[in-house]
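A.B. asks: Add 27 to a position in the sequence shown, counting from 1, and you land on the number used in this note's numbering. Just so you know, even glycine gets a beta-carbon here, dropped at the ideal spot from N, CA and C. Got a structure here, written out as structure tokens. Questions coming.
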Amino acid sequence: TTPTESTKLHRRRSHPRETHHSTIRHTQLYYTRAMFVSRALRQRLPTVLKSAWTLRPVLTCPQPSSIVPSSTPYHPTISNSLSSSNPRRLLSTRTTTTTHNDEAVYIPDMLCRQCEQTAEHKGCTTQGVCGKTSETSALQDALLDSLKSLSLWCVAARQHGLNESELQEANVVTLKAAFATLTNVNFSSSRIADYIRQVEGIKTHLKQQVQQAGPVAKTEALMDLDLHDKTDVELEEYGHTHSGLTVRAAQMGHEDAFSLNEIATYGLKGLCAYATHVSQLEDGQTDPAVMTAVHEILAKLASTDADMDGLLATVMRVGQVNATVLQQLDAAHAHKLGDPTPTAVRTSAVQGQAILISGHDMQDLHHLLQATKGTGVNVYTHGEMLPAHAYPK
Numbered sequence: 028t029t030p031t032e033s034t035k036l037h038r039r040r041s042h043p044r045e046t047h048h049s050t051i052r053h054t055q056l057y058y059t060r061a062m063f064v065s066r067a068l069r070q071r072l073p074t075v076l077k078s079a080w081t082l083r084p085v086l087t088c089p090q091p092s093s094i095v096p097s098s099t100p101y102h103p104t105i106s107n108s109l110s111s112s113n114p115r116r117l118l119s120t121r122t123t124t125t126t127h128n129d130e131a132v133y134i135p136d137m138l139c140r141q142c143e144q145t146a147e148h149k150g151c152t153t154q155g156v157c158g159k160t161s162e163t164s165a166l167q168d169a170l171l172d173s174l175k176s177l178s179l180w181c182v183a184a185r186q187h188g189l190n191e192s193e194l195q196e197a198n199v200v201t202l203k204a205a206f207a208t209l210t211n212v213n214f215s216s217s218r219i220a221d222y223i224r225q226v227e228g229i230k231t232h233l234k235q236q237v238q239q240a241g242p243v244a245k246t247e248a249l250m251d252l253d254l255h256d257k258t259d260v261e262l263e264e265y266g267h268t269h270s271g272l273t274v275r276a277a278q279m280g281h282e283d284a285f286s287l288n289e290i291a292t293y294g295l296k297g298l299c300a301y302a303t304h305v306s307q308l309e310d311g312q313t314d315p316a317v318m319t320a321v322h323e324i325l326a327k328l329a330s331t332d333a334d335m336d337g338l339l340a341t342v343m344r345v346g347q348v349n350a351t352v353l354q355q356l357d358a359a360h361a362h363k364l365g366d367p368t369p370t371a372v373r374t375s376a377v378q379g380q381a382i383l384i385s386g387h388d389m390q391d392l393h394h395l396l397q398a399t400k401g402t403g404v405n406v407y408t409h410g411e412m413l414p415a416h417a418y419p420k
């Protein structure tokens with residue numbers, strides 16, 4: 028069976044007594060090696076380390092109002108000595124110059140703060156503590172912009188009378204692509220770039236349909252976004268210079284309003300994850316009311332206006348729609364797997380080959396159990412998969 032984005036499989040040999048201690052030994056070994064390398068770097072590259080350490084406070088966004096007023100379009104140009112020799116940059120120091128007033132603005136190589144494990148509880152700026160690279164982070168930011176652009180056209184399509192069957196392709200890719208940007212879901216840069224191209228292709232076709240139906244008022248600049256012919260490196264560059272957290276904060280120019288935008292963004296990603304599972308359990312179908320709300324929320328998040336009231340209402344709407352989606356997911360699980368009942372769960376390992384499954388896709392686990400039945404391979408659940416024990420099937 029092929030796991031979905033949410034599921035990560037780890038095949039290993041386990042022994043009831045050896046697994047835990049082996050893990051501890053390997054962890055200690057890696058930690059010792061890291062400390063050794065760190066000492067060597069401090070001795071050999073004091074200047075570089077000092078410079079890198081100086082940049083650590085940039086984990087928090089600079090005051091947006093001191094960079095670019097929210098009413099000014101943000102189209103930075105890049106000056107990077109490493110870009111020509113190494114387009115797949117790693118830990119590069121960048122200087123971004125805005126066309127607004129040619130003021131040099133520092134943008135970290137990445138700034139991701141969407142999980143509770145971020146560096147210093149503020150944000151990861153070179154590589155995620157989860158292992159996500161700056162390249163993947165930039166591509167995910169670009170994908171989010173692409174989804175906002177698609178959503179603006181989905182809103183226009185519904186206003187022009189297009190039905191849900193004509194929007195089904197856009198509905199499905201919206202859920203899957205947003206899901207792929209969540210923490211620990213998809214770290215494949217090429218896969219994220221493929222999602223961008225899928226979104227752009229669907230948007231191009233939908234745009235033509237909408238324009239044939241009647242005149243379209245341009246509500247946001249992202250309606251004109253076109254990334255369909257960009258290379259992976261160009262998509263990464265776009266994400267870094269146009270879609271990153273620091274850039275979006277500068278565009279809005281209001282700290283509280285931007286925080287509301289961020290809350291709604293991360294909440295919506297989780298909503299899309301659960302809605303994806305519902306769609307998979309319902310043979311690829313999507314709920315029209317849920318998808319209408321998802322696209323309207325993304326369209327709102329595409330705006331750079333510091334609309335406190337509107338953004339607060341958007342945050343509340345995310346919660347309301349998510350409650351609906353969770354009800355749908357609970358019903359779909361019960362229909363496919365039986366009503367959950369209290370169940371005793373073994374917490375110790377048994378000798379033999381094993382697969383550890385994490386994530387929260389109950390259907391994937393069901394398929395995995397069917398595939399391993401009678402093979403002698405033990406399947407262990409982890410984290411969010413623990414409730415699977417309660418379903419009879």
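Any contact between the region 268-277 and the region 161-174? By contact I mean 3 or more CB pairs, one from each, below 8 Å.
C.D. replies: Touching, yes.
A.B. asks: What does DSSP give as the partner residue(s) for alanine 300 in the beta ladder?
C.D. replies: In the sequence shown, residue 300 corresponds to position 273, counting from 1. Answer by DSSP bridge pairing: none, since alanine 300 is not bridged.
A.B. asks: Tell me, please, which residues DSSP counts as bridged to valine 406.
C.D. replies: Counting from one through the sequence shown, the residue named residue 406 turns up at place 379. The partner list for valine 406 (beta bridge, DSSP) reads Ile382.
A.B. asks: Could you check whether the region 320-329 touches the region 245-257, counting it as contact only if at least three pairs of C-beta atoms, one from each stretch, sit closer than 8 Å?
C.D. replies: The region 320-329 vs the region 245-257: in contact.
A.B. asks: Using the Cα positions of proline 315 and glutamate 191, report the straight-line distance between them to the nearest angstrom.
C.D. replies: As a working note, residue 315 is residue 288 in the sequence shown. As a working note, residue 191 is residue 164 in the sequence shown. Rounded to the nearest angstrom, the two C-alpha atoms are 7 Å apart.
A.B. asks: Distance check for cysteine 151 and alanine 350, CA to CA, integer angstroms please.
C.D. replies: Within the sequence shown, numbered from 1, the residue matching residue 350 stands at position 323. Within the sequence shown, numbered from 1, the residue matching residue 151 stands at position 124. If you take the alpha carbons of alanine 350 and cysteine 151, they lie about 30 Å apart.
A.B. asks: Hey, cysteine 299 and phenylalanine 206 are a contact pair by Cβ (cut 8 Å); roughly how many whole angstroms apart?
C.D. replies: Taking the first residue of the sequence shown as 1, we reach residue 299 at position 272. Taking the first residue of the sequence shown as 1, we reach residue 206 at position 179. Contact holds; Cβ gap of about 5 Å.
A.B. asks: Which class does glutamine 154 belong to by DSSP, given the choice of helix, strand or coil?
C.D. replies: Position 127 of the sequence shown, counted from the first residue, corresponds to residue 154. Glutamine 154: strand per DSSP, three-state reduction.
A.B. asks: Out of Gln238, Gly379 and Ile223, point me to the one whose CA is closest to threonine 208's CA.
C.D. replies: Stepping through the sequence shown from its first residue, residue 208 is reached at position 181. Looking at the Cα atoms, Ile223 is the closest of the given residues.
A.B. asks: Starting from glutamate 228, trace the alpha helix (DSSP H) in both directions and tell me its first and last residue.
C.D. replies: The residue labelled residue 228 in the question sits at position 201 within the sequence shown. The sequence as given places glycine at residue 228; glutamate does not occur at that position. Where glycine 228 is concerned, the enclosing alpha helix (DSSP H) stretches over 216-240.
A.B. asks: Excluding five sequence neighbours on each side, which residues of the same chain lie with their C-beta closer than 8 Å to the C-beta of leucine 295?
C.D. replies: For the purposes of this step, residue 295 is identified with residue 268 of the sequence shown, where counting begins at 1. Taken in chain order, the residues that qualify are Ala205, Val321, Ile324, Leu325, Leu328 and Val345.
A.B. asks: Do lysine 363 and leucine 308 have their C-beta atoms within less than 7 Å of each other?
C.D. replies: Mapped onto the sequence shown, residue 363 falls at position 336. Mapped onto the sequence shown, residue 308 falls at position 281. Yes, these two residues count as a Cβ contact at 7 Å.
A.B. asks: To the nearest angstrom, report how far apart threonine 303 and leucine 233 are at their CA atoms.
C.D. replies: Against the sequence shown, residue 303 aligns to sequence position 276. Against the sequence shown, residue 233 aligns to sequence position 206. Distance between the alpha carbons of threonine 303 and leucine 233 is about 21 Å.
A.B. asks: Does the beta-carbon of glycine 155 have 16 or more other beta-carbons within 10 angstroms, so that it is buried, or is it exposed?
C.D. replies: Position 128 of the sequence shown holds residue 155. Buried: at least 16 other Cβ atoms inside 10 Å.
A.B. asks: Do glycine 365 and proline 419 have their C-beta atoms closer together than 7 Å?
C.D. replies: Here residue 365 corresponds to residue number 338 of the sequence shown, with the count starting at 1. Here residue 419 corresponds to residue number 392 of the sequence shown, with the count starting at 1. Cβ atoms of glycine 365 and proline 419: closer than 7 Å.
A.B. asks: Cα separation between glutamate 147 and glutamine 235?
C.D. replies: In the sequence shown, residue 147 corresponds to position 120, counting from 1. In the sequence shown, residue 235 corresponds to position 208, counting from 1. Rounded to the nearest angstrom, the two C-alpha atoms are 47 Å apart.
A.B. asks: Short check: CB of histidine 416 to CB of valine 372, under 7 Å?
C.D. replies: Working through the sequence shown from its first residue, we reach residue 416 at position 389. Working through the sequence shown from its first residue, we reach residue 372 at position 345. Result yes, Cβ atoms of histidine 416 and valine 372 sit closer than 7 Å.
A.B. asks: Should glutamate 289 and leucine 254 be called a contact, given that it needs their Cβ atoms to be closer than 7 Å?
C.D. replies: Position 262 of the sequence shown, counting from 1, holds the residue named residue 289. Position 227 of the sequence shown, counting from 1, holds the residue named residue 254. Not in contact: glutamate 289 and leucine 254 (Cβ atoms no closer than 7 Å).
A.B. asks: Does the beta-carbon of glutamine 378 have 16 or more other beta-carbons within 10 angstroms, so that it is buried, or is it exposed?
C.D. replies: As a position in the sequence shown, residue 378 is number 351, starting the count at 1. Glutamine 378 is exposed by the Cβ-count criterion.
A.B. asks: Identify whether threonine 160 lies in helix, strand or coil by the three-state DSSP scheme.
C.D. replies: Sequence index remark: in the sequence shown, residue 160 carries index 133 (1-based). It is a strand residue.
A.B. asks: Mind checking which residues open and close the alpha helix (DSSP H) that includes glutamate 193?
C.D. replies: Here residue 193 refers to the residue found at position 166 of the sequence shown. 191-207 is the span of the alpha helix (DSSP H), which, as asked, contains glutamate 193.
A.B. asks: So what's cysteine 139 in DSSP terms, helix, strand or just coil?
C.D. replies: Here the question's residue 139 lines up with position 112 in the sequence shown. Here cysteine 139 sits in strand by DSSP.
A.B. asks: Please identify the residue among Thr258, Leu262 and Thr231 whose C-alpha is closest to the C-alpha of aspartate 251.
C.D. replies: If you number the sequence shown from 1, residue 251 lands on position 224. Of the candidates Thr258, Leu262 and Thr231, the one whose C-alpha sits nearest the C-alpha of aspartate 251 is Thr231.
A.B. asks: Whole angstroms are fine: how far does the CA of glutamate 282 sit from the CA of methionine 335?
C.D. replies: As a position in the sequence shown, residue 335 is number 308, starting the count at 1. As a position in the sequence shown, residue 282 is number 255, starting the count at 1. The alpha-carbon atoms of methionine 335 and glutamate 282 are separated by roughly 10 Å.
A.B. asks: Under three-state DSSP, which class holds alanine 350?
C.D. replies: Residue numbering aside, residue 350 sits at position 323 when the sequence shown is read from its first letter. In the structure shown, alanine 350 sits in a helix (DSSP, three-state: H, G or I).
A.B. asks: So, using beta-carbon positions, are leucine 177 and leucine 262 closer together than 7 Å?
C.D. replies: Translated into positions along the sequence shown, residue 177 becomes position 150. Translated into positions along the sequence shown, residue 262 becomes position 235. It is not a contact, given that the beta carbons lie outside the stated cut-off.
A.B. asks: Short check: CB of histidine 360 to CB of leucine 383, under 7 Å?
C.D. replies: Translated into the one-based positions of the sequence shown, residue 360 becomes position 333. Translated into the one-based positions of the sequence shown, residue 383 becomes position 356. Going by C-beta atoms, histidine 360 is not nearer than 7 Å to leucine 383.
A.B. asks: Assuming threonine 163 and isoleucine 219 are in contact, meaning their beta carbons sit under 8 Å apart, how far apart are those beta carbons, in whole angstroms?
C.D. replies: Reading the sequence shown from its first residue, position 136 is the one you call residue 163. Reading the sequence shown from its first residue, position 192 is the one you call residue 219. That belief holds up - the Cβ atoms of threonine 163 and isoleucine 219 are roughly 6 Å apart, short of 8 Å.
A.B. asks: Can you give me the C-alpha to C-alpha distance between methionine 137 and threonine 153, rounded to a whole angstrom?
C.D. replies: Taking the first residue of the sequence shown as position 1, residue 137 is located at position 110. Taking the first residue of the sequence shown as position 1, residue 153 is located at position 126. Approximately 6 Å between the Cα atoms of the pair.
A.B. asks: Excluding five sequence neighbours on each side, which residues of the same chain lie with their C-beta closer than 8 Å to the C-beta of glycine 311?
C.D. replies: One-based indexing of the sequence shown puts residue 311 at position 284. Answer for glycine 311: Val199, listed in chain order.
A.B. asks: Can you tell me whether DSSP reads proline 89 as helix, strand or coil?
C.D. replies: For the purposes of this step, residue 89 is identified with residue 62 of the sequence shown, where counting begins at 1. Below a pLDDT of 50, predicted positions are generally treated as unreliable, and proline 89, at 37, falls in that range; the measurement from the model is reported next regardless. Coil, per DSSP.
A.B. asks: Distance check for arginine 185 and proline 369, CA to CA, integer angstroms please.
C.D. replies: Within the sequence shown, the letter at position 342 stands for residue 369. Within the sequence shown, the letter at position 158 stands for residue 185. If you take the alpha carbons of proline 369 and arginine 185, they lie about 44 Å apart.
A.B. asks: Just tell me which of His394, Ala277 and Gln380 has its CA closest to the CA of asparagine 405.
C.D. replies: Here residue 405 refers to the residue found at position 378 of the sequence shown. It is Gln380.
A.B. asks: Flag this pair as yes or no: are the beta carbons of glutamine 141 and tyrosine 293 separated by less than 7 Å?
C.D. replies: Walking along the sequence shown from the start, residue 141 turns up at place 114. Walking along the sequence shown from the start, residue 293 turns up at place 266. Yes, Cβ-Cβ distance for glutamine 141 and tyrosine 293 is below 7 Å.
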